[in-house]
Amino acid sequence: MMTPEQYDQWKNDPLTQLFHQYLRDYRQDLMERWARGAIQSPEDLMAMARCQCCLEIVELDDDSIASFYRQTTKGSDDVPGNQEAG
């Protein structure tokens, strides 16, 4: 599991920021094509779902990740940080 400090370091890394900018730009391009009516086929509509995914990835914070693991893997030995000291 990542600490909040490690997450902040990752999120502020120049490569991560470049990737997030790509996701924002890709989403913006899809939204503009949709507004122009250029997205109409089922494959194109899947692109709209990708828009939402892009936004969720860019806005993901460490609390959401930690909360997910606390809720879904409580007691699991498969998740780092859940193993009992022995």
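Under numbering that gives the first Met the number 0, residues 0 to 85 are what the sequence shown spells out, in order.
Even for Gly, the Cβ is constructed at its ideal location relative to N, Cα and C.
- For the 9 Å CB-CB criterion, D43 and R32 form a contact.
- In this structure, the alpha-carbon of A65 lies about 12 Å from that of Q5.
- Looking at the backbone, the Cα of C53 and that of S63 are separated by about 16 Å.
- One Cα belongs to M1, the other to D61, and the distance between them is close to 8 Å.
- Under the three-state reduction of DSSP, Q39 is assigned to coil, being neither helix nor strand.
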